[in-house]
Amino acid sequence: MKDTCVVSVIRFVKHTKYKKYHKVSKKYKAHDVGNTKKIGDKVMIRECKPISKDKHFIIVK
């Protein structure tokens, strides 16, 4: 996975019956030119044309 980062996006979802919020996370593969990002960095991604089978995002910041 050259030039690829896995980005975890966390959002809060409200339970319909109990009205309590809980975390839901989803992982996206994003293109990182030059492998400049480290583990734990906060990044911003945006959608783009498919780069590979699983990669449809690029890292903006």
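FYI, in my numbering the residues of the sequence shown are 99 to 159.
The beta-carbon is built from N, C-alpha and C at its ideal position, and this holds for glycine as well.
Since we're looking at a predicted model, the values are computed, not measured.
Since I believe A128 is in contact with V105 (beta carbons under 8 angstroms), could you give me their beta-carbon distance rounded to a whole number of angstroms?
Locating residue 105 in the sequence shown gives position 7, where the first residue counts as 1. Locating residue 128 in the sequence shown gives position 30, where the first residue counts as 1. Between A128 and V105 the Cβ distance is about 5 angstroms, and since that is below 8 angstroms, they are a contact.
Alpha carbon to alpha carbon, what distance is there between K153 and Y126?
Numbered from its first residue, the sequence shown carries residue 126 at position 28. Numbered from its first residue, the sequence shown carries residue 153 at position 55. Going from the Cα of Y126 to the Cα of K153 covers about 8 angstroms.
Under three-state DSSP, which class holds S150?
Translated into the one-based positions of the sequence shown, residue 150 becomes position 52. The answer is coil: DSSP assigns S150 none of H, G, I, E or B.
Name, in chain order, the residues that DSSP records as bridge partners for V105.
Indexing the sequence shown from 1 puts residue 105 at position 7. Paired residues: Y126.
For H113, does the three-state DSSP call read helix, strand or coil?
Working through the sequence shown from its first residue, we reach residue 113 at position 15. H113 falls in the coil class under three-state DSSP.
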